[in-house]
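**Student:** Taken in sequence, the protein lines are chains A and B.
So for the first sequence, the numbering used here puts the first residue at 389; every next one is plus one.
So for the second sequence, the numbering used here puts the first residue at 389; every next one is plus one.
Cβ atoms here follow ideal geometry from the backbone N, Cα and C, with glycine treated the same way.
Can you read through this structure? Questions will come right after.
Protein chains: 2
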Amino acid sequence: MASKEIPYKIYLEESQMPKAWYNLRADMKNKPAPLLDSETKKPITAEKLQNVFCKELVKQELDENTAYFEIPEAIRNFYKMYRPSPLVRAYCLEEKLKTPAKIYYKFEGNNTSGSHKLNSAIAQAYYAKEQGLVGVTTETGAGQWGTALSMACSYFGLDCKVYMVKCSYEQKPFRREVMRTYGASVTPSPSTETAVGRKILEKHPGTTGSLGCAISEAVEAATVKEGYRYVLGSVLNQVMLHQSVIGLETKAALDMYGVKPDMIIGCAGGGSNLGGLIAPFMGEKLRGEADYEFIAVEPVSCPTLTRGKYVYDYCDTGMVCPLAKMYTLGSDYIPAASHAGGLRYHGMNSTLSQLCYDGLMEARSVSQTEVFEAAEFFARVEGILPAPESSHAIKVAIDEANKCKETGEEKVIVFGLTGTGYFDMYAYEKFHDGKMDNYIPTDEEIEKALSNIPVIE
Amino acid sequence: MASKEIPYKIYLEESQMPKAWYNLRADMKNKPAPLLDSETKKPITAEKLQNVFCKELVKQELDENTAYFEIPEAIRNFYKMYRPSPLVRAYCLEEKLKTPAKIYYKFEGNNTSGSHKLNSAIAQAYYAKEQGLVGVTTETGAGQWGTALSMACSYFGLDCKVYMVKCSYEQKPFRREVMRTYGASVTPSPSTETAVGRKILEKHPGTTGSLGCAISEAVEAATVKEGYRYVLGSVLNQVMLHQSVIGLETKAALDMYGVKPDMIIGCAGGGSNLGGLIAPFMGEKLRGEADYEFIAVEPVSCPTLTRGKYVYDYCDTGMVCPLAKMYTLGSDYIPAASHAGGLRYHGMNSTLSQLCYDGLMEARSVSQTEVFEAAEFFARVEGILPAPESSHAIKVAIDEANKCKETGEEKVIVFGLTGTGYFDMYAYEKFHDGKMDNYIPTDEEIEKALSNIPVIE
């Protein structure tokens with residue numbers, strides 16, 4: 389099998405697409421710690437969570453034992469409009485780097501939302517529709533999740549209300565128009581529309597916002613409105629579950645050609661794309677069937693895994709969400725206005741946090757300028773203009789390929805190319821003009837942020 | 389074969405990709421009239437054309453008898469980075485329209501240039517490189533061709549100088565950044581950089597420019613600079629030749645499932661995407677092997693095929709290019725600042741003009757607002773946000789599908805979805821805000837424009 393010539397792009401047949409999502413927690417010995425009720429500080433009940441989230445999604449969120457969840461037919465049909473996504477063999481990149489490494493990337497940007505976010509958006513919209521809801525509320529950072537959700541809601545005829553992190557809202561006016569094209573309403577966050585937004589604005593006047601703030605606003609908006617629930621594009625285990633479609637397709641495509649990766653690299657904001665990409669591979673590792681190296685890449689400006697603490701913390705700035713045990717910089721931490729808006733989250737998915745804590749996955753942080761250098765290089769060589777978020781993974785993949793050049797190792801490197809940067813040209817412009825900031829938080833700042841995390845026994 | 393279940397997206401295998409381009413002129417009894425030298429008004433010689441265009445491309449331009457041109461391996465390898473493009477069965481659209489028609493579209497937008505333009509850009513850059521040139525100059529309307537050429541030049545290490553129609557330059561600042569990412573320089577046209585630009589500005593102060601103007605500037609820039617040639621993204625027969633890869637893939641994909649289209653629809657600006665899409669089908673029709681209906685769709689604001697004259701005319705406003713026999717509104721005609729920048733060209737590819745003249749293809753014009761209505765509808769139903777240009781074809785495909793609903797006919801409709809609208813959100817914003825203009829030129833305006841066309845015997 390391994391000798392079969394590998395094409396530039398490996399597409400699965402429609403019939404080979406996954407029929408079930410894979411729940412990595414089922415194979416973990418050390419399960420992630422349970423979510424805690426923000427009032428009682430006790431493990432949260434399904435009943436209470438259902439005030440905020442759709443019923444079926446709560447079930448998925450809390451289930452740590454069922455390995456596979458069937459993907460409903462309506463979702464599989466929607467997937468067929470833009471999936472399977474290609475697994476690309478980066479022949480041109482390998483040649484340009486003169487590396488003996490074999491590089492593959494799973495490209496999730498070939499859809500109008502421009503990223504992997506659509507994989508979970510359509511699932512969440514589906515369950516909201518099934519539950520008979522009128523609509524959903526959410527936050528968006530870079531705008532990719534908001535766009536994805538708008539598309540999904542439009543497909544199922546649901547109302548969609550998006551709180552968009554203010555700095556992204558201002559840098560990406562056209563994202564708003566895409567969401568409007570799909571019938572969504574978009575509000576810059578923090579806003580005066582919600583009590584929590586007003587409170588945040590009072591405490592941090594002139595703030596450019598953060599995912600944590602926007603989450604709080606969206607949660608409030610969902611709970612005060614009849615027939616609405618809140619949906620979230622990352623961080624939660626249900627999202628990581630839906631995103632397992634990325635990893636399952638990747639594995640199926642590699643298996644077709646008898647290729648076994650040595651390392652798998654992904655960018656990490658809330659953790660869902662990385663978690664989805666690595667899920668089936670990590671499952672094999674946990675079951676002792678194979679070994680892989682996993683690398684999570686985050687921005688130095690928001691170094692959750694590399695400089696955060698592994699403790700219980702609030703998932704949102706407004707402290708209205710449940711608490712999760714995770715690597716965190718503190719729910720009060722507002723990262724510098726980096727352009728990788730999708731990675732500006734203070735915490736990290738609890739499953740990935742546990743895996744990192746257990747030494748099953750490595751984390752690295754990279755600076756904004758080196759990320760854009762890698763992005764532009766990649767765009768020119770592979771012909772895809774990557775999103776700043778995705779480019780964090782590109783940067784480390786190139787680093788690793790260069791190491792192989794030195795050692796002569798023919799490692800198989802797989803990375804997740806989560807999306808395209810067509811709506812990030814403002815950031816590219818800053819990079820071209822040499823005006824890109826490269827902020828690294830000081831030790832004092834990080835310590836101060838960490839000291840604000842509430843102590844939960 | 390016909391009973392085999394047709395997937396949502398038909399992808400050819402890499403090995404099934406065309407190895408040669410198809411030159412439709414070889415099968416035409418009435419060949420398009422030859423290009424005329426703008427000075428002598430006699431058929432232009434290869435020697436003279438080579439002052440402006442690359443040698444190999446001149447050969448392709450003038451050859452009306454060779455049916456197939458081999459695609460060089462370097463180009464085929466580049467194609468593999470983003471081709472084969474999917475032929476999509478529009479199941480969702482059919483269901484939404486409740487039409488018995490079977491709708492397919494060939495989607496050319498899954499690449500960073502966002503359109504089919506890359507198919508010819510990489511070919512033209514390749515031949516420039518082979519000829520040992522330093523770089524190329526070009527014009528761009530909507531920005532798609534400029535982006536495509538930037539990518540292609542970056543791949544082969546060529547310098548790239550783009551004159552961008554001023555109204556597009558202003559409406560699409562991010563397009564410029566994409567081109568810069570690929571190392572190109574971009575100038576709004578008309579500019580004061582060239583003699584012809586200065587002349588046009590004097591005659592039409594404050595003009596928002598047109599493709600015709602930008603072509604003149606790019607041609608001038610190429611001929612005054614050592615080691616440069618001019619390349620063009622549409623109109624020419626060489627471009628239509630390269631774009632035949634669209635039609636060849638479409639036909640191969642349909643043949644795999646035993647599907648025979650009844651009608652093939654494409655938008656028409658300079659004509660290259662439409663010409664490329666229909667080429668192998670029109671070839672069959674010309675050879676009497678099959679029959680198809682062909683529809684060219686243009687904007688009412690620039691009604692070349694529907695209201696123009698079939699005569700010799702200049703291809704550019706500055707009259708520095710050769711003359712072509714084609715449907716034209718006059719090289720002096722500057723269309724209203726419609727948002728479908730890629731369709732604002734006064735003329736039409738000479739091969740397509742001849743086919744229209746001979747009654748082998750139909751032409752229709754549609755208004756901007758109805759185009760955007762179709763675009764938004766399509767985006768919501770099929771999940772792809774289309775470019776305004778491409779949406780002209782969508783509009784007519786929907787019209788035809790609705791007719792089938794009335795008559796009960798199960799027609800097979802194929803249309804070309806040439807690109808995505810991610811850089812057209814300014815136009816979508818105008819549409820959402822109800823501020824879209826819908827200009828239809830008066831009979832007087834058209835008559836005046838036509839009366840300015842030089843009379844060539």
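1) Starting from R752 (chain A) and walking both ways along the beta strand (DSSP E), at which residues does that stretch end?
2) Find the residues of chain B that neighbour G747 (chain A), judging by a C-beta separation of less than 8 Å, and give them in chain order.
3) Can you pull the chain B neighbours of K468 (chain A), defined as C-beta to C-beta under 9 Å?
4) Can you give me the C-alpha to C-alpha distance between E797 (chain A) and N439 (chain A), rounded to a whole angstrom?
5) Name the residue from A:M552, A:L642, A:P561, A:E637 whose alpha carbon lies nearest to the alpha carbon of S598 (chain A).
6) Closer than 8 Å, CB to CB, is E518 (chain A) near chain B or not?
7) Starting from the Cα of W533 (chain A), find the closest Cα among A:P774, A:G621, A:S753 and give me that residue.
8) Cα separation between V647 (chain A) and Y492 (chain A)?
9) Quick one, which of B:E608, B:S508, B:G659, B:K613 has its alpha-carbon nearest S577 (chain B)'s?
10) Within the 8 Å Cβ cut-off, does V566 (chain B) reach chain A?
11) May I have the straight-line CA-CA distance separating G822 (chain A) from E435 (chain B), to the nearest angstrom?
12) What's the call for K591 (chain A), buried or exposed, on a 16-neighbour Cβ count within 10 Å?
13) For chain B, find out if any of its Cβ atoms is closer than 8 Å to the Cβ of M389 (chain A); answer yes or no.
14) In its own chain, which residues sit with a C-beta less than 6 Å from the C-beta of M389 (chain B), not counting the 5 before and 5 after it?
15) Return the first residue and the last residue of the alpha helix (DSSP H) that K697 (chain B) is part of.
16) Along the chain, which unbroken stretches of the beta strand (DSSP E) at least 3 residues long are found entirely within the stretch 571–630 of chain B?
17) By DSSP's criteria, F803 (chain A) is part of a beta bridge. Which residues make up the other side?
18) In the stretch 759–839 of chain B, which residue ranges form an unbroken beta strand (DSSP E) of at least 3 residues, counting only runs that do not cross its ends?
19) Mapping the DSSP letters down to three states, classify Y399 (chain A) as helix, strand or coil.
20) How many whole angstroms separate the CB atoms of L521 (chain B) and Y616 (chain B), which I take to be in contact at a CB cut-off of 8 Å?
21) If you count every other CB in all the chains shown that lies within 10 Å of the CB of S391 (chain B), and 16 or more means buried, which is it?
22) How is C555 (chain A) classed by DSSP in three states: helix, strand or coil?
23) Are there 16 or more other CB atoms within 10 angstroms of the CB of S373 (chain A), so buried, or fewer, so exposed?
24) Can you pull out the residues from the stretch 742–776 of chain B whose beta carbon lies closer than 9 Å to at least one beta carbon of chain A?
25) By the 10 Å Cβ neighbour count, where 16 or more other Cβ atoms means buried, how is E777 (chain B) classified, buried or exposed?
26) What does a CB cutoff of less than 8 Å around K554 (chain A) pick up in its chain, not counting 5 residues either side in sequence?
27) T582 (chain A) to I588 (chain A), Cα distance in whole Å?
28) If R477 (chain B) and M405 (chain B) are in contact, beta carbons under 8 Å, what's the gap, nearest whole angstrom?
29) Alpha carbon to alpha carbon, how far is D701 (chain A) from D643 (chain A)?
30) Quick check on P723 (chain B): buried or exposed, where buried means 16 or more other Cβ atoms within 10 Å of its Cβ?
31) Any idea which residues DSSP pairs C548 (chain A) with across the strands?
32) Just to confirm the assignment, what range does the alpha helix (DSSP H) spanning L450 (chain B) have?
33) Under 6 Å Cβ to Cβ from L481 (chain A), same chain only, skipping five residues before and after it: list those, please.
34) Would you decide whether T806 (chain B) is buried or exposed? Buried here means 16 or more other CB atoms lie within 10 Å of its CB.
35) Check for me: the alpha helix (DSSP H) holding V647 (chain B) runs from which residue to which?
36) Do the stretch 748–766 of chain A and the stretch 783–796 of chain A meet, that is, are 3 or more Cβ pairs less than 8 Å apart?
**Tutor:** Judging by the given coordinates:
1) To locate residue 752 (chain A), count along the first sequence from 1; it is residue 364. Start and end: 750–754.
2) Residue mapping note: residue 747 (chain A) aligns to position 359 of the first sequence, counting from 1. For a Cβ distance threshold of 8 Å, nothing in chain B lies close to G747 (chain A): the least Cβ distance comes to about 38 Å.
3) As a working note, residue 468 (chain A) is residue 80 in the first sequence. For the C-beta of K468 (chain A), the chain B residues within less than 9 Å are, from N- to C-terminus, P395, Y396, K397, Y479.
4) The sequence position of residue 797 (chain A) within the first sequence is 409, counting from 1. The sequence position of residue 439 (chain A) within the first sequence is 51, counting from 1. Distance from the CA of E797 (chain A) to the CA of N439 (chain A), rounded to the nearest whole angstrom, comes to 53 Å.
5) As a first step, residue 598 (chain A) must be located in the first sequence, where it is residue number 210. Nearest in C-alpha terms to S598 (chain A), of all of A:M552, A:L642, A:P561, A:E637, is A:M552.
6) The residue you call residue 518 (chain A) lines up with position 130 of the first sequence. Look at E518 (chain A): its C-beta is not under 8 Å from any C-beta on chain B.
7) Reading the first sequence from its first residue, position 145 is the one you call residue 533 (chain A). For W533 (chain A), the closest alpha carbon among the candidates A:P774, A:G621, A:S753 is that of A:G621.
8) The residue you call residue 647 (chain A) lines up with position 259 of the first sequence. The residue you call residue 492 (chain A) lines up with position 104 of the first sequence. Approximately 10 Å, taken between the alpha carbons.
9) As a working mapping, residue 577 (chain B) is identified with position 189 in the second sequence. Shortest Cα-Cα distance from S577 (chain B) to any of B:E608, B:S508, B:G659, B:K613 involves B:E608.
10) Residue numbering aside, residue 566 (chain B) sits at position 178 when the second sequence is read from its first letter. Interface residue, yes.
11) Position 434 of the first sequence holds residue 822 (chain A). Position 47 of the second sequence holds residue 435 (chain B). G822 (chain A) and E435 (chain B) have their C-alpha atoms spaced approximately 45 Å apart.
12) Within the first sequence, numbered from 1, the residue matching residue 591 (chain A) stands at position 203. Under this definition K591 (chain A) is an exposed residue.
13) Stepping through the first sequence from its first residue, residue 389 (chain A) is reached at position 1. Model confidence at M389 (chain A) stands at a pLDDT of 39, short of 50, so the residue's coordinates are unreliable; what they give is reported in the following sentence. Judged by the 8 Å Cβ criterion, M389 (chain A) is not in contact with chain B.
14) Numbered from 1 along the second sequence, position 1 holds the residue referred to as residue 389 (chain B). Annotation note: pLDDT 39 at M389 (chain B) (below 50); position unreliable, no value reported.
15) Here residue 697 (chain B) is taken as the residue at index 309 of the second sequence, counted from 1. If you look at K697 (chain B), you'll find it isn't in any alpha helix (DSSP H); it sits in the beta strand (DSSP E) that goes 697–702.
16) List check, beta strand (DSSP E) in window: 573–577, 616–618.
17) The residue given as residue 803 (chain A) occupies position 415 in the first sequence. Under DSSP, the beta-bridge partners assigned to F803 (chain A) are A:Y493, A:I653.
18) For the stretch 759–839 of chain B, whole beta strand (DSSP E) runs of length 3 or above, ordered along the chain, are 800–805.
19) What you label residue 399 (chain A) is simply residue 11 of the first sequence in a count that begins at 1. Correct three-state label for Y399 (chain A): coil.
20) Position 133 of the second sequence holds residue 521 (chain B). Position 228 of the second sequence holds residue 616 (chain B). Sure, about 6 Å apart at Cβ, within 8 Å.
21) In the second sequence, the residue the question calls residue 391 (chain B) occupies position 3. Only weak support exists for where S391 (chain B) lies, its pLDDT of 49 falling under 50; the coordinates are left without a value.
22) Against the first sequence, residue 555 (chain A) aligns to sequence position 167. When DSSP states are grouped into helix, strand and coil, C555 (chain A) belongs to the helix group.
23) Only positions 389 to 845 of chain A appear in the structure, and residue 373 (chain A) is not among them; the question remains open.
24) Flagged, chain order: A763, E764, A767, R768, V769, E770, G771, I772, L773.
25) Counting from 1 along the second sequence, the entry for residue 777 (chain B) is found at position 389. Around the Cβ of E777 (chain B), a 10 Å sphere holds 16 or more other Cβ atoms; the residue is buried.
26) The residue labelled residue 554 (chain A) in the question sits at position 166 within the first sequence. Once the five neighbours on either side are set aside, the close Cβ partners of K554 (chain A) are P576, S577, P578, T595, T596, G597.
27) Reading the first sequence from its first residue, position 194 is the one you call residue 582 (chain A). Reading the first sequence from its first residue, position 200 is the one you call residue 588 (chain A). Using only the alpha carbons, I get a separation of about 10 Å.
28) Counting from 1 along the second sequence, the entry for residue 477 (chain B) is found at position 89. Counting from 1 along the second sequence, the entry for residue 405 (chain B) is found at position 17. Actually they are not in contact, since the Cβ atoms of R477 (chain B) and M405 (chain B) sit about 20 Å apart, beyond 8 Å.
29) Walking along the first sequence from the start, residue 701 (chain A) turns up at place 313. Walking along the first sequence from the start, residue 643 (chain A) turns up at place 255. Approximately 39 Å between the Cα atoms of the pair.
30) Here residue 723 (chain B) is taken as the residue at index 335 of the second sequence, counted from 1. By the neighbour-count criterion, in which 16 or more other beta carbons inside 10 Å mark a residue as buried, P723 (chain B) falls on the buried side.
31) Within the first sequence, the letter at position 160 stands for residue 548 (chain A). C548 (chain A) pairs with A:V524.
32) For the purposes of this step, residue 450 (chain B) is identified with residue 62 of the second sequence, where counting begins at 1. Note, L450 (chain B): alpha helix (DSSP H), 443–450.
33) Position 93 of the first sequence, counted from the start, is the residue given in the question as residue 481 (chain A). Hits under 6 Å: I491, V769, E770.
34) Along the second sequence, one-based indexing puts residue 806 (chain B) at 418. Here T806 (chain B) is buried. Its C-beta has 16 or more other C-beta atoms within 10 Å.
35) Your numbering for residue 647 (chain B) matches position 259 in the second sequence. Neither: V647 (chain B) is in no alpha helix (DSSP H) and is coded neither H nor E.
36) Yes, the stretch 748–766 of chain A touches the stretch 783–796 of chain A.
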